[in-house]
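Numbering (the numbering used here), first residue to last: 61 to 144.
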């Protein structure tokens, strides 16, 4: 009998100094990446593991390779919603 392990949590890091706001990640994974205003990129630090392929496509689509995708080794930073 095989047991499936639970999906591994993802952690995203975007080098905002490298990001040039091309927006390819927003098109590839709109549930994870979005623009605040015209050029400020916002993203989900810990997206749902079920959309891993979408997130991987977004990282691959970045023309300046500013997106790093890794495994969760520590809790995600608190968001303003959860910090209240």
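Backbone N, C-alpha and C fix where the C-beta goes; we use that ideal spot for every residue, glycine too.
These numbers come from a predicted model, not from an experiment.
- Of the residues 109, 87, 68 and 93, the one whose Cα lies closest to the Cα of residue 74 is 93.
- In the three-state reduction of the DSSP assignment, residue 105 falls in the coil class.
- The residue among 82, 107, 110 and 115 with its C-alpha nearest the C-alpha of residue 100 is 82.
- Of 70, 69 and 78, the smallest CA-CA separation from residue 126 is found for 78.
- Around the Cβ of residue 107, a 10 Å sphere holds 16 or more other Cβ atoms; the residue is buried.
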